[in-house]
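Numbering (our numbering), first residue to last: 135 to 804.
Just so you know, even glycine gets a beta-carbon here, dropped at the ideal spot from N, CA and C.
Here's the structure, in structure tokens; my notes come after.
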Amino acid sequence: MTQISTVSNIHIKGISVASRLMLNSKVMIALLMTASLVMSPIVVADETEDIPTNAVGTGVHDSLVAALSQAGLVSTLSGDGPFTVFAPTDDAFAAAGIDLASFDTDEENATLIDILTYHVVSGQVLSSDLSDGMTATALNGDELSFTVTADAVTVSGATVTSADVMASNGVIHVIDTVLMPPVPYTGIGICYNTATHTIVAGSTYEECNAYMYVVDFEMGGQTYTGCYNTISHALTDVTQAVCESYVWTPPVDIPTSASATGIHTSLVAALTAADLVSALQADGPFTVFAPTDDAFTAAGIDLASFDTDEEIAALADILTYHVVSGQVMSTDLTDGMAATALNGDELSFTVSADAVTVSGATVTLADVPASNGVIHVIDTVLTPPADLVDIPTSASATGIHTSLVAALTAADLVSALQADGPFTVFAPTDDAFTAAGIDLATFDTDEEIAALADILTYHVVSGQVMSTDLTDGMTATALNGDELSFTVSADAVTVSGATVTTADVMTSNGVIHVIDTVLMPPADPPVIPEGCDYLVGIDDSGYAFDQTSLEIAVGETVCWMWTDSSMPHNVAETASAEDTTRLVGGLYSGPAASTVDYRVTFDANETFTYICEPHASMNMNGVVVVGTGIEDVPEPVEKDTDATPGFGGALLVLAVMGAVLVTTQRSKLD
Numbered sequence: 135m136t137q138i139s140t141v142s143n144i145h146i147k148g149i150s151v152a153s154r155l156m157l158n159s160k161v162m163i164a165l166l167m168t169a170s171l172v173m174s175p176i177v178v179a180d181e182t183e184d185i186p187t188n189a190v191g192t193g194v195h196d197s198l199v200a201a202l203s204q205a206g207l208v209s210t211l212s213g214d215g216p217f218t219v220f221a222p223t224d225d226a227f228a229a230a231g232i233d234l235a236s237f238d239t240d241e242e243n244a245t246l247i248d249i250l251t252y253h254v255v256s257g258q259v260l261s262s263d264l265s266d267g268m269t270a271t272a273l274n275g276d277e278l279s280f281t282v283t284a285d286a287v288t289v290s291g292a293t294v295t296s297a298d299v300m301a302s303n304g305v306i307h308v309i310d311t312v313l314m315p316p317v318p319y320t321g322i323g324i325c326y327n328t329a330t331h332t333i334v335a336g337s338t339y340e341e342c343n344a345y346m347y348v349v350d351f352e353m354g355g356q357t358y359t360g361c362y363n364t365i366s367h368a369l370t371d372v373t374q375a376v377c378e379s380y381v382w383t384p385p386v387d388i389p390t391s392a393s394a395t396g397i398h399t400s401l402v403a404a405l406t407a408a409d410l411v412s413a414l415q416a417d418g419p420f421t422v423f424a425p426t427d428d429a430f431t432a433a434g435i436d437l438a439s440f441d442t443d444e445e446i447a448a449l450a451d452i453l454t455y456h457v458v459s460g461q462v463m464s465t466d467l468t469d470g471m472a473a474t475a476l477n478g479d480e481l482s483f484t485v486s487a488d489a490v491t492v493s494g495a496t497v498t499l500a501d502v503p504a505s506n507g508v509i510h511v512i513d514t515v516l517t518p519p520a521d522l523v524d525i526p527t528s529a530s531a532t533g534i535h536t537s538l539v540a541a542l543t544a545a546d547l548v549s550a551l552q553a554d555g556p557f558t559v560f561a562p563t564d565d566a567f568t569a570a571g572i573d574l575a576t577f578d579t580d581e582e583i584a585a586l587a588d589i590l591t592y593h594v595v596s597g598q599v600m601s602t603d604l605t606d607g608m609t610a611t612a613l614n615g616d617e618l619s620f621t622v623s624a625d626a627v628t629v630s631g632a633t634v635t636t637a638d639v640m641t642s643n644g645v646i647h648v649i650d651t652v653l654m655p656p657a658d659p660p661v662i663p664e665g666c667d668y669l670v671g672i673d674d675s676g677y678a679f680d681q682t683s684l685e686i687a688v689g690e691t692v693c694w695m696w697t698d699s700s701m702p703h704n705v706a707e708t709a710s711a712e713d714t715t716r717l718v719g720g721l722y723s724g725p726a727a728s729t730v731d732y733r734v735t736f737d738a739n740e741t742f743t744y745i746c747e748p749h750a751s752m753n754m755n756g757v758v759v760v761g762t763g764i765e766d767v768p769e770p771v772e773k774d775t776d777a778t779p780g781f782g783g784a785l786l787v788l789a790v791m792g793a794v795l796v797t798t799q800r801s802k803l804d
């Protein structure tokens, strides 16, 4: 076969393929056939008769015999052979829509011969000779391919319904589909396999598994556009996106390639509206991250609404944010890489074993080559970052940091966080402030405002720390001088116990990470003062005592002490560990305060339970077990019955009287 590089000049054995394929609509129907799978009846043959004679006798091959007669091949297949014929049934010919009357020119008969000899192999090939993946050369010079499974045998996509029908000069295998010879095509082009989602530039047509895509090819006054493949044998006005498994198209510029995919109609329309088509038809090269129509729909973009110069400029800004100058293949991308888009903004890339993303959009199909660059299909329309503003202004705009901004204002920290920085701010949401029970109205003294500033600066780190900079177990010093600790796992990132819910919110002077909890600075390290045996303070969270359970000896002193704590606290005795209200008349340090020095010496066995009143609902409580923990109760004094007043005297009188009586009786006896 002669192979050349343009669709309009493909030849096989001197016959123009374009002429064979597109001479007229009758020929197109004959050449591009659609097969249905039909089971044939059992075929009985006479082994003493040749192949054409046996075909006549089957009763299901009248169309095949008529085609052989019209093509002048009966005598050939009546020769010594041996031959192996894959014989389509009459139903197969009917399904293919072949009208033999339309083959009425020498060129059309040559095409018919090519089709029929594609069903014949020289030599006798029995079903037992076939193996899965085997190929054989047909009489027309093209290759037949075989699949052999436990359920079926197919030859180039047609199912063998009756095998090993013996004839005197070979064997017949009945098939349910008319086979069509593959149309050769070579040259620079695109082969796309949807099974593996790979695209190969410069592949031959055969490597594309005999699928072909024709773009606006004119022949005989008609224009043909669509997919050609050897399974459905159909050339239809469809785009390559629905051309079953494979497509083949010569390389064209980026807008033309996008137009042909069938899934970038919105993108092409947007490029047209923004007057960018000609720019992307220039030499380039360009790399385009092309959102699908579904991506445009999900983004809610209505091109009709872009009807002013300002709006069209905004559309152009969006579109050029999807384009990088130069050809960037998927193999050029690395995790964490950045590239400057044509609009001047940065695109960021993540590369993992599972996916490649560009500024958050997933690449669903990579390395689609065009004549002036490469296309990567993505599932999301990229939105250029807005002009960056400082951290307080950015926080004000989120809608979930009203309390944080109000706190920064109350603590006079807004201007500090509007400075050059850079700063990293871990920004608690309004819900986090509510959960912490922080009432900014209560911070009305210099001491309390200083405590508020301490809390807020515990959320700020000097320098720009991105989420990618964090590692598990890492620590960082906050602006208030205390340490922040980080945990990084596959599921979450936490900072001193607060979960990062949104990371890497960029600002003009740093970065914001949104967190779900207000962080409380740790209290100063405790120093047990003179006169105290145990010291209880406030833990790092600000919502618990640092020692919630103590066991002490009778006579020892417990001191509850804290100075300039971030929140006011107190100590109030409760009737039991389950109670959350103060026991009237019990031990009490007084109203909650930021500085407390409360000392109690326990001089008897007991179990002392207590709470911090402002945070009792958050289970801020404790217990002190003194000695046995069981309160001493005086035992009642048992009194000797002999010591009962008057009772002893009575006994004595009785004893004396008894003695007198005995003596008297004895005297009488004497």
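Let me check understanding here. Comparing Cα to Cα, which of SER675, ALA610 and VAL457 lies closest to ASN753? Counting from one through the sequence shown, the residue named residue 753 turns up at place 619. Checked all of SER675, ALA610 and VAL457; the closest Cα to ASN753 is SER675.
Sequence-distant residues of the same chain with beta carbon closer than 8 Å to SER261, five excluded per side: Looking up residue 261 in the sequence shown gives position 127. So the qualifying residues of the chain are VAL287, VAL294, ALA297, ASP298 and HIS307.
- [ ] Identify, in the order they occur along the chain, each residue of the same chain with its Cβ nearer than 6 Å to the Cβ of ILE589, setting aside the five sequence neighbours on each side.
- [x] Taking the first residue of the sequence shown as position 1, residue 589 is located at position 455. Contacts found: SER700.
Original post:
Going by the beta-carbon positions, is the gap between THR633 and ASP650 smaller than 7 Å?
Top reply: Within the sequence shown, residue 633 is the residue found at index 499, counting from 1. Within the sequence shown, residue 650 is the residue found at index 516, counting from 1. Contact flag set, yes.
key: Range covered by the alpha helix (DSSP H) that runs through ASN739   = By 1-based counting over the sequence shown, the position of residue 739 is 605. That residue, ASN739, is in no alpha helix (DSSP H); it is neither H nor E in DSSP.
Residue of GLU747, THR591 and THR621 minimising C-alpha distance to ASP603:
Numbered from 1 along the sequence shown, position 469 holds the residue referred to as residue 603. The shortest Cα separation from ASP603 among GLU747, THR591 and THR621 belongs to THR621.
Worksheet item: Is the Cβ-Cβ distance between LEU273 and THR251 less than 7 Å?
Response: As a working mapping, residue 273 is identified with position 139 in the sequence shown. As a working mapping, residue 251 is identified with position 117 in the sequence shown. Yes, the Cβ-Cβ distance between LEU273 and THR251 is below 7 Å.
Item to complete: Taking only heavy atoms of the ligand SAM into account, decide whether any of them is closer than 6 Å to the Cβ of VAL402.
Response: You won't find the ligand SAM in this model; it holds no ligand whatsoever.
Can you grab the Cα-Cα spacing for the pair THR708 / ASP488, in whole Å? Numbered from 1 along the sequence shown, position 574 holds the residue referred to as residue 708. Numbered from 1 along the sequence shown, position 354 holds the residue referred to as residue 488. For THR708 and ASP488, the distance between alpha carbons rounds to 57 Å.
Discussion item. Below 8 Å on the Cβ atoms is my contact criterion, and I expect ALA738 with GLU765 to pass it. Report the Cβ-Cβ distance as a whole number of Å.
Written reply: Residue 738 sits at position 604 when you count from the first residue of the sequence shown. Residue 765 sits at position 631 when you count from the first residue of the sequence shown. ALA738 to GLU765, Cβ: 7 Å. Contact.
**Request:** Given a cut-off of 7 Å, decide if VAL758 and VAL692 are closer than it, judged by their beta-carbon atoms.
**Result:** On the sequence shown, position 558 is the one that residue 692 refers to. On the sequence shown, position 624 is the one that residue 758 refers to. Contact flag set, yes.
Quiz prompt | Residue burial classification, SER486 (beta-carbon count within 10 angstroms, cutoff 16) | solution = On the sequence shown, position 352 is the one that residue 486 refers to. The residue is exposed, with fewer than 16 neighbouring Cβ atoms inside 10 Å.
**Request:** Throw me the rounded Cβ distance for the ASP469 and THR484 pair, which I believe falls under 8 Å.
**Result:** For the purposes of this step, residue 469 is taken as the residue at position 335 of the sequence shown. For the purposes of this step, residue 484 is taken as the residue at position 350 of the sequence shown. Indeed they touch by this definition, with Cβ atoms about 6 Å apart.
*Cα-Cα separation, HIS195 to PRO216*: As a working note, residue 195 is residue 61 in the sequence shown. As a working note, residue 216 is residue 82 in the sequence shown. Cα to Cα, the separation comes out at about 20 Å.
May I have the straight-line CA-CA distance separating ASN327 from ASP466, to the nearest angstrom?
-> Along the sequence shown, read from residue 1 onward, the residue named residue 327 stands at position 193. Along the sequence shown, read from residue 1 onward, the residue named residue 466 stands at position 332. Residue confidence is low: ASN327 scores 42 on pLDDT, short of 50, so the model does not pin down where it sits. Its coordinate-derived value is still stated next. So the two alpha carbons sit approximately 22 Å from each other.
Would a C-beta distance cut-off of 7 Å place VAL760 and VAL688 closer than the cut-off?
As a working note, residue 760 is residue 626 in the sequence shown. As a working note, residue 688 is residue 554 in the sequence shown. Against a cut-off of 7 Å, the Cβ pair of VAL688 and VAL760 comes out as a contact.
With 16 other CB atoms within 10 Å as the buried threshold, where does GLU747 fall?
In the sequence shown, the residue the question calls residue 747 occupies position 613. Buried.
Exercise. Are SER601 and ASP573 close, meaning C-beta to C-beta below 7 Å?
Worked result: Locating residue 601 in the sequence shown gives position 467, counting from the first residue. Locating residue 573 in the sequence shown gives position 439, counting from the first residue. Cβ distance not < 7 Å, so SER601 and ASP573 don't count as in contact.
Which residue spans inside the stretch 542-609 form an unbroken beta strand (DSSP E) run of at least 3?
557-562 and 594-596
Practice task
Compare the beta carbon distance of GLY644 and PRO556 with 7 Å and say whether it is the shorter of the two.
Solution key: For the purposes of this step, residue 644 is taken as the residue at position 510 of the sequence shown. For the purposes of this step, residue 556 is taken as the residue at position 422 of the sequence shown. Cβ atoms of GLY644 and PRO556: closer than 7 Å.
For my contact list, GLU690 and PHE736 are in at a C-beta cut-off of 8 Å; report their separation, rounded to the angstrom. Position 556 of the sequence shown, counted from the start, is the residue given in the question as residue 690. Position 602 of the sequence shown, counted from the start, is the residue given in the question as residue 736. Right, their Cβ atoms sit about 7 Å apart.
Return the bridge partner residues of PRO425 from the DSSP annotation. Taking the first residue of the sequence shown as position 1, residue 425 is located at position 291. PRO425 pairs with ILE512.
TODO: Kindly indicate which residue of GLN598, GLU740, GLY434 and LEU449 has the alpha-carbon position closest to the one of PHE440.
DONE: Translated into positions along the sequence shown, residue 440 becomes position 306. It is LEU449.
**Request:** Mark LEU551 as exposed unless 16 or more other C-beta atoms lie within 10 angstroms of its C-beta, in which case mark it buried.
**Result:** Against the sequence shown, residue 551 aligns to sequence position 417. The residue in question, LEU551, is buried, as its Cβ has 16 or more Cβ neighbours within 10 Å.
- Item | Selection from VAL599, THR635, LEU547 and MET608 that minimises the alpha carbon distance to ALA585 | In the sequence shown, residue 585 corresponds to position 451, counting from 1. Nearest of VAL599, THR635, LEU547 and MET608 to ALA585, Cα basis: LEU547.
Thinking C-beta only, is GLN258 closer than 7 Å to VAL190?
For the purposes of this step, residue 190 is identified with residue 56 of the sequence shown, where counting begins at 1. For the purposes of this step, residue 258 is identified with residue 124 of the sequence shown, where counting begins at 1. No, the Cβ-Cβ distance between VAL190 and GLN258 is not below 7 Å.
DSSP beta-bridge partners of ALA678: Residue numbering aside, residue 678 sits at position 544 when the sequence shown is read from its first letter. ALA678 pairs with nothing; no bridge assigned.
- request: With DSSP collapsed to three states, give me the class of GLU277.
  value: Working through the sequence shown from its first residue, we reach residue 277 at position 143. Strand, per DSSP.
Next on the checklist: Distance check for PHE423 and ILE397, CA to CA, integer angstroms please.
Outcome noted: Looking up residue 397 in the sequence shown gives position 263. Looking up residue 423 in the sequence shown gives position 289. Whole-angstrom Cα-Cα distance: 13 Å.
ask   = Taking the alpha-carbon positions, what's the SER412 to GLY460 distance?
value = Here residue 412 is taken as the residue at index 278 of the sequence shown, counted from 1. Here residue 460 is taken as the residue at index 326 of the sequence shown, counted from 1. Cα to Cα, the separation comes out at about 17 Å.
As an exercise, report each continuous beta strand (DSSP E) stretch of at least 3 residues that is fully enclosed by the stretch 673-726, in chain order.
683-686 and 691-696
Worksheet entry | Three-state secondary structure (DSSP) of LEU523 | What you label residue 523 is simply residue 389 of the sequence shown in a count that begins at 1. First, the residue type needs correcting, since residue 523 is Val and not Leu in the sequence shown. VAL523 falls in the coil class under three-state DSSP.
Cβ-based neighbour list, SER159, same chain, cut-off 7 Å, excluding 5 preceding and 5 following:
To locate residue 159, count along the sequence shown from 1; it is residue 25. With a pLDDT of 30 at SER159, under the threshold of 50, the predicted position of this residue should be treated as unreliable, though the coordinate-derived value follows. None.
**OP:** Thinking ASN506 and ILE388 are a contact (beta carbons under 8 Å), I'd like their distance in whole angstroms, please.
**Re:** Here residue 506 corresponds to residue number 372 of the sequence shown, with the count starting at 1. Here residue 388 corresponds to residue number 254 of the sequence shown, with the count starting at 1. Contact holds; Cβ gap of about 6 Å.
Counting pairs of Cβ atoms below 8 Å between the stretch 426-437 and the stretch 399-414, do you hit three or more? yes
Exercise for review: Leaving out five residues on either side along the sequence, give the residues of the same chain with a beta carbon under 8 Å from the beta carbon of PHE227.
Suggested key: The residue given as residue 227 occupies position 93 in the sequence shown. Closer than 8 Å at the Cβ level, and outside the excluded window around PHE227, lie SER197, LEU198, ALA201 and VAL312.
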